[in-house]
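Residue numbers (my numbering), protein chains in the order written: chain A, 394 to 508; chain B, 394 to 508. We put the CB at the ideal spot given by N, CA and C, even for glycine. So the structure is just underneath, and the comments pick up after that.
Number of protein chains: 2
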Amino acid sequence: MAKMAAKHAVRGSRTGRPIMALLDLLGRRWTLRIVWELRGGALTSRALRAACDEVSPTVLQARLTELREAGFVELGEGGGYGLTPLGRELFETFLPLHRFAERWQKAQVATPRRP
Amino acid sequence: MAKMAAKHAVRGSRTGRPIMALLDLLGRRWTLRIVWELRGGALTSRALRAACDEVSPTVLQARLTELREAGFVELGEGGGYGLTPLGRELFETFLPLHRFAERWQKAQVATPRRP
DNA sequence: CCTCGATGCTACATTTAACGTAGCGGCAGA
DNA sequence: TCTGCCGCTACGTTAAATGTAGCATCGAGG
C-alpha cells in the first residue's frame with residue numbers, strides 16, 4: 394500500500410465510511426477541545442491557546458488547519474478563529490456529551506477502582 | 394476535589410470540569426474508534442484489533458485499560474471486550490455523529506479544497 | 001499427555017506526533 | 001517609531017504510537 398494522498402489523509406477515509414474519517418479527525422489531540430472552546434464565539438489564536446491550557450502553537454496550528462480544511466473552523470476577516478455553521482452543527486452534535494460527562498463523573502466516584 | 398487516580402490522570406481532570414476529562418479521554422488515538430467498533434456487541438481483543446485496522450496491540454491494550462478504568466468497557470467472563478451500560482450510553486451520546494458525518498462528507502466534496 | 005489454536009497481554013526497537021521555547025513579518029494604536 | 005498583539009513557523013526535546021515478535025494460559029482433539 395502506497396502512502397497515497399496529500400500531507401496526511403484522514404485515517405479511515407479510505408474505508409469510504411465518513412464516520413471513520415470523522416472519528417479519526419476528532420480523535421487527535423486537542424481537536425475536540427478546540428471545537429469545545431470555540432463554542433462561545435470566535436477566539437484569537439492566542440486566546441484559544443490560553444483556553445486550551447497553553448497547547449503548543451505547533452499543534453494548535455496543525456489542528457486549526459485540519460479543522461479549517463474540514464470546514465468546521467474559519468479565520469474571520471478581522472482575525473480570530475470561529476466555528477463555521479457546519480462546525481457549530483458538529484458542536485451541537487456532541488453537546489449531549491456535556492451532560493453525560495457529569496453523570497459519568499458521579500459514576501466514577503461511585504464505582505470502586507481496581508481493588 | 395483531588396481525584397488523582399492512577400498512572401496518568403486524564404488531562405483536564407484537574408480543572409474540575411468533567412467534560413474536559415472526557416474530551417481528553419476520547420481525544421486519544423483509537424479511543425472513539427474502539428467504542429464505535431464495540432457498538433454491535435463484545436469482541437475479542439484480536440477481533441477488535443482487526444476491526445480497528447490492525448492497531449498495534451500496545452495502544453489497544455492501553456486504550457482498553459483506560460476505557461475500563463473509565464467504566465465504559467469491560468472484559469466479559471468468557472473473554473471478549475464489551476461496552477458496559479455506561480459505555481453504551483456514551484456510544485448513544487455521540488451516535489448522532491454518524492448521520493452528521495455523512496452530511497459532512499457531502500459538504501466536503503461540495504466545498505473546494507486548496508486551489 | 002500433548003500438541004493445536006485462540007485468548008489476553010507484554011517487550012522492545014523504530015517511527016511519528018506532541019511539546020516547549022523562541023522568534024518571524026505584519027499591522028494598529030499610542 | 002516604538003509597543004503590543006496578530007497569525008504563524010523553526011527546531012530541538014520529550015512523549016506517544018507503530019510494528020513485530022513473543023509469553024502464559026486455557027480448552028478442545030488427537
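Please say whether F493 of chain B and T486 of chain A have beta carbons closer to each other than 8 Å? A contact, by the Cβ cut-off of 8 Å.
Quick check: is the beta carbon of Q454 of chain B nearer than 8 Å to any beta carbon in chain A? Taking Cβ atoms only, chain A never reaches closer than 8 Å to Q454 of chain B, which makes this a no.
Contact set between G420 of chain B and chain A, taken where Cβ atoms lie within less than 9 Å: In chain order: L419, G420, R421, R422, W423, T424, L425 and R426.
If you draw a straight line from the C-alpha of E482 of chain B to the C-alpha of E430 of chain A, how long is it? Distance between E482 of chain B and E430 of chain A, taken at the CA atoms: about 24 Å.
Out of B:I412, B:S438 and B:G464, point me to the one whose CA is closest to R471 of chain B's CA. Note on residue identity: the sequence assigns Gly, not Arg, to residue 471 of chain B. Considering only alpha carbons, the answer is B:S438.
I'd like to know if the segment 431 to 450 of chain B and the segment 460 to 480 of chain B are in contact, where contact means that at least 3 CB-CB pairs between them fall below 8 Å. Because the criterion of three Cβ pairs below 8 Å is met, the segment 431 to 450 of chain B and the segment 460 to 480 of chain B touch.
Considering Cα atoms alone, identify which of B:K499, B:L453, B:P478 and B:Q501 is closest to L425 of chain B. The residue from B:K499, B:L453, B:P478 and B:Q501 with its alpha-carbon nearest to that of L425 of chain B is B:L453.
Any C-beta of chain A within less than 8 Å: which residues of the segment 449 to 483 of chain B qualify? Residues E462, A463, G464, L479, E482 and L483.
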